[in-house]
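Engineer:
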Amino acid sequence: LNRRLAGLGTTIFAEMSALAVSTGAINLGQGFPDTDGPESVREAAVRALRDGRGNQYPPGQGVPELRAAVSGHQKRFYGLDVDPDTEVLVTAGATEAIAAAMLALLEPGDEVIAFEPFYDSYAACVAMAGGGRVPLTLRAPDFRPDLDALRDAVTPRTRLLLLNSPHNPTGMVLTRDELTAIAELAVERDLLVVTDEVYEHITYDGAEHVPLIGLPGMRERTVAISSAGKTFSFTGWKVGWVTGPAELVAAVRTTKQFLTYVASGPFQYAAAEALALPDAYFTGLRDDLRAKRDILADGLATAGFEVYRPQGTYFITTDIADLAPDTDALTFCRTLPERAGVVAVPNSVFYDHPTAGRTQVRFAFCKQQNLLREAADRLRQLS
Ligand code: PMP
Ligand code: GLN
50 LNRRLAGLGT TIFAEMSALA VSTGAINLGQ GFPDTDGPES VREAAVRALR DGRGNQYPPG
110 QGVPELRAAV SGHQKRFYGL DVDPDTEVLV TAGATEAIAA AMLALLEPGD EVIAFEPFYD
170 SYAACVAMAG GGRVPLTLRA PDFRPDLDAL RDAVTPRTRL LLLNSPHNPT GMVLTRDELT
230 AIAELAVERD LLVVTDEVYE HITYDGAEHV PLIGLPGMRE RTVAISSAGK TFSFTGWKVG
290 WVTGPAELVA AVRTTKQFLT YVASGPFQYA AAEALALPDA YFTGLRDDLR AKRDILADGL
350 ATAGFEVYRP QGTYFITTDI ADLAPDTDAL TFCRTLPERA GVVAVPNSVF YDHPTAGRTQ
410 VRFAFCKQQN LLREAADRLR QLS
């Protein structure tokens, strides 16, 4: 492995899911739902397979049906006008979109500012593109960004901001005011912004997802990324998309065509149907997950964890300092399956900061309610 990727051997998600399989523990680590998405959408995938749509290489930009559906979704939920022919690119999940964006937009030595803890592919993708990452630490209990620190972190070498909201793993959702301040800074310092919005439909308690690309001055400098994995509970399908100005989307398409070229042919047609589901589907997803959040959050608090109740995503970040003094999150998570029959993920691996996330542990609640209750019962035995 080359030096740029030193220390990035195996992702924590693979390690912890393997541990769940080998120990038979309840897997609240890697974020994937234990109930598949809508039957009608699965049927759409089957129909596409049977009818021979997408069984051979789809077009490099994605099938027209999906590009039109992405454009329709941006209009319906956010009032954004997106040209399906030049301003949408279909990718192999958001993961490929992030990689392709970094490879397309960074020159070696460019700096990328991102709030930590960050989703682990960010560090890897910035490194693969030869960029340098500049982390800004989000701090418990609210994990709100320090916008003065952000302003101070911009240097002449800063090329782009890599933003994630709703934020994995903390569940923080950037407010319109925060996004407005970020937009003003991006315009003033002429920065590009890549926004990872995969949890756009998963917000609670009145928190609202605001796409940065819709704010003044951002249309020409934002690459927005989302995917079908979280919104429709099909994380294995790997259908994602990029929207943005034609010039930036074309740049991302250039790198994307040498990564996978294309992916997920029949699933693209099914994702197009999913994006057109009625509003009730989207509110139902939120309501379902809010109830699950509350079950797990209450269970974790009773078990002695300090709980940071998320405003978005399907993750709860906790602190174990009171429950397990002198234990770091990674050690805690590696031994949790044998001690309590539950798998979680240590947030510490998502930080460059040596101590900020040392005792933070993340639990996923995109699981059936009885499983969440069972996990909480098991965790109660720890205290
Ligand atoms: N970004 C974030 C913040 C995520 O949590 C995930 C997890 N799935 C991804 C990107 C990757 O999305 P996909 O599965 O569509 O590649
Ligand atoms: N995004 C998911 C999570 O944060 C996992 C994705 C992965 O396994 N790479 O848990």
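Just so we're aligned, residue 50 is where the sequence shown starts under the UniProt record's numbering, counting upward by one. Built from N, CA and C at the ideal position, the CB exists for glycine as well.
1) Could you check if T367 belongs to the surroundings of the ligand GLN, using beta carbon to heavy atom distance under 8 Å?
2) Y357: beta carbon under 8 Å from a heavy atom of the ligand GLN?
3) Inspect the beta-carbon positions of residue 433 and R208 and report whether they are closer than 9 Å.
4) Following a CB-centred definition, is D245 positioned closer than 8 Å to any heavy atom of the ligand PMP?
5) Report the CB separation of F364 from G80 in whole angstroms; it is logged as a contact under 8 Å.
6) Quick check on Y171: does DSSP put it in helix, strand or coil?
7) Counting pairs of Cβ atoms below 8 Å between the stretch 389-400 and the stretch 71-86, do you hit three or more?
8) Is the distance from the Cβ of K279 to the Cβ of H250 below 9 Å?
9) Buried or exposed: which applies to E64, given that a residue is buried once 16 or more other Cβ atoms fall within 10 Å of its Cβ?
10) Identify which residue in Y318, T292, D375 and G406 has its Cα closest to the Cα of Q105.
11) Report the CB separation of A424 from L68 in whole angstroms; it is logged as a contact under 8 Å.
12) Alpha carbon to alpha carbon, what distance is there between A93 and N419?
13) Indicate, with yes or no, if the ligand PMP has a heavy atom lying under 8 Å from the CB of A143.
14) Which class does G181 belong to by DSSP, given the choice of helix, strand or coil?
15) Name the two residues that bound the continuous beta strand (DSSP E) containing A273.
16) So does A277 have its beta carbon nearer than 8 Å to some heavy atom of the ligand PMP?
17) Nearest-angstrom Cα distance between residue 518 and S397?
Structural biologist: Walking through what the data contain:
1) Not under cutoff, so the answer is no.
2) The closest heavy atom of the ligand GLN lies 8 Å or more from the beta carbon of Y357.
3) Because the chain spans 50 through 432 in this model, residue 433 falls outside it and cannot be assessed.
4) D245 has its CB nearer than 8 Å to a heavy atom of the ligand PMP.
5) Contact holds; Cβ gap of about 6 Å.
6) In the structure shown, Y171 sits in a helix (DSSP, three-state: H, G or I).
7) Touching, per the Cβ criterion.
8) Their beta carbons are under 9 Å apart, which means K279 touches H250 by this criterion.
9) With 16 or more other Cβ atoms inside 10 Å of its own Cβ, E64 counts as buried.
10) Considering only alpha carbons, the answer is Y318.
11) Going by Cβ atoms, the distance from A424 to L68 rounds to 15 Å, so no, they are not a contact pair.
12) About 30 Å.
13) Answer for A143: yes, Cβ within range of the ligand PMP.
14) The three-state reading of DSSP puts G181 in strand, counting E and B together.
15) Annotation: the continuous beta strand (DSSP E) that includes A273 extends over T271 to S276.
16) Yes, since a heavy atom of the ligand PMP falls inside the 8 Å radius drawn around the Cβ of A277.
17) No statement about residue 518 is possible, as the shown extent of the chain runs from 50 to 432 and does not include it.
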